[in-house]
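Here's the structure, in structure tokens; my notes come after.
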Amino acid sequence: MMIQDISPKIFHNEFHNLAPRPQDFVLAFNGRRLYSKIEDRGEAPSVSLPTVNQIEQSLEQVGPGEAGDVEQATAEATQHAAEVSHDENGLRDHYESGNTANDRQDYELVFLFEVDSDRYFLMLPKTGFEDPSPAIPGFAFESWISIRAFAQQDIKLVAATGLQLNKWYRTNRFCGACATPLERSTKERMLLCPNCGNHVYPRINPAVIVAVRNGDKLLMTRYAAAEYKQRALVAGFCEIGETAEQTVAREVMEETGIRVKNVTYYASQPWGFASDLLLGYVADLDGSDCITVDKNELSIAEWVPREQIFEDPDNTSLTRQMVIDFKEGRL
Ligand SMILES: [Zn+2]
0 MMIQDISPKI FHNEFHNLAP RPQDFVLAFN GRRLYSKIED RGEAPSVSLP TVNQIEQSLE
60 QVGPGEAGDV EQATAEATQH AAEVSHDENG LRDHYESGNT ANDRQDYELV FLFEVDSDRY
120 FLMLPKTGFE DPSPAIPGFA FESWISIRAF AQQDIKLVAA TGLQLNKWYR TNRFCGACAT
180 PLERSTKERM LLCPNCGNHV YPRINPAVIV AVRNGDKLLM TRYAAAEYKQ RALVAGFCEI
240 GETAEQTVAR EVMEETGIRV KNVTYYASQP WGFASDLLLG YVADLDGSDC ITVDKNELSI
300 AEWVPREQIF EDPDNTSLTR QMVIDFKEGR L
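Counting from 0, one number per residue, gives the positions in the sequence shown under numbering that gives the first Met the number 0.
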């Protein structure tokens, strides 16, 4: 079951220009950490995300850093409460209208996607402000490794895709052509330069993963400098002007000195943790099976017999899916 396999739930990535409702979920990141609550790390772990309502209440209690002037803050909060109506349009105005006193104008919530009827919003700091730090009991900024380990299937997909969009929004604040601040399109998931008309779409990096077969053995690798220490398959990014099949042959040659034939498409997988679209291929050894390891990229590359392949319990990745399929004779 790969990360995108959340059936019977359905991931809706269509863009809508929606205002957040109190019950919608918020993805708040601190670097690659996601604000969430991990429950029961043992038998039946699960990960919860905060709602808009919880975030609102938490940040109201903390306030935007004006602990010194309680009287003024209280007066402003009263005035603010009178101004904000909590229907959808009211909430949208609340986030997007100028400089209302004591308003939480240091962040805004941007619609991301839906899973079934659940809506997910990204919490983005406004230009020039630090990330707000919500303080909801039991919640903390958890690493994506913890999310991968403990989250239910749909939350893994939500977290990975949210992380990808979070990176895209935060690294595209200004136009690369004329340095004007970019504006968000209200019609599609796109950033628009109001000065020169430059359009910026979410970045997706195509990359290949290759299962090279040599009879009863599979070509497996271990990366020199990665967090992931399990055995993996040859993988690499597509270069400009190259087909995915050419990438397969080039990467296998570069990393292991092996030639391949019968390059056949297997499946693809979105991998938002690294902004990748992974393209899985199967290939057969062509000629000598003598491996020359590229020590810059890999620490180990070797032919592993089917019966010696270790089954990693985390099978959310395309790599694990291909390895398991080989081990069980389906590849
Ligand atoms: Zn521009």
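Virtual Cβ for every residue (Gly too), placed ideally from N, Cα, C.
{"Check": "Between which two residues does the beta strand (DSSP E) holding M122 run?", "Outcome": "D117 to P124"}
{"Check": "Give a yes or no on whether 9 Å exceeds the smallest Cβ distance from V25 to chain B.", "Outcome": "Of the protein chains in the structure, only one exists, and it is not chain B."}
{"Check": "Is it the case that the CB of T179 approaches a heavy atom of ligand 1 more closely than 8 Å?", "Outcome": "yes"}
{"Check": "Per DSSP, what kind of secondary structure is S145 in: helix, strand or coil?", "Outcome": "helix"}
{"Check": "Secondary structure at L278, three-state DSSP: helix, strand or coil?", "Outcome": "strand"}
{"Check": "Terminal residues of the continuous alpha helix (DSSP H) containing N171?", "Outcome": "Element bounds for N171: n/a, residue is neither H nor E."}
{"Check": "Taking the straight line between their C-alpha atoms, what separation do you get for E42 and R249?", "Outcome": "43 Å"}
{"Check": "Counting only runs of 4+ residues fully inside the stretch 195-266, write out the alpha helix (DSSP H) ranges in chain order.", "Outcome": "243-255"}
{"Check": "Cβ of N171 versus every heavy atom of ligand 1: is any distance shorter than 8 Å?", "Outcome": "no"}
{"Check": "Nearest CA to the CA of P133: which residue from V25, K125, Y222 and L191?", "Outcome": "V25"}
{"Check": "Between S267 and N204, is the Cβ-Cβ spacing less than 9 Å?", "Outcome": "no"}
{"Check": "Which residues in the same chain as I54 place their Cβ atom closer than 6 Å to its Cβ, once the five residues preceding and following it in sequence are excluded?", "Outcome": "V25 and P133"}
{"Check": "Helix, strand or coil, according to DSSP, for D283 in the structure here?", "Outcome": "strand"}
{"Check": "Going by the CB atoms, is the gap between L278 and Y264 shorter than 9 Å?", "Outcome": "yes"}
{"Check": "If you drop the 5 nearest sequence neighbours on each side, which residues of the same chain put their C-beta closer than 7 Å to that of Q245?", "Outcome": "none"}
{"Check": "Roughly how many angstroms lie between the CA atoms of F10 and L164, to the nearest whole one?", "Outcome": "15 Å"}
{"Check": "Can you tell which of Q151, A158, T50 and K125 has the C-alpha that lies nearest to the C-alpha of I142?", "Outcome": "Looking at the sequence provided, one finds Ser at residue 142 rather than Ile. Of Q151, A158, T50 and K125, the residue nearest in Cα terms is A158."}
{"Check": "Specify the secondary structure class of S298 as computed by DSSP and reduced to three states.", "Outcome": "strand"}
{"Check": "Leaving out five residues before and five after L123 in sequence, what residues of the same chain have Cβ atoms less than 7 Å from its Cβ?", "Outcome": "Y106, E107, V109 and Y168"}
{"Check": "Tell me whether the beta-carbon of T346 lies closer than 9 Å to the beta-carbon of R40.", "Outcome": "Here the chain covers residues 0 to 330 and nothing more, so residue 346 does not appear."}
{"Check": "So, under 8 Å CB-CB, D311 and Q229 are touching, yes? Tell me the CB distance rounded to an integer number of Å.", "Outcome": "6 Å"}
{"Check": "Quick check: what's the CA-CA separation for L297 versus L58?", "Outcome": "46 Å"}
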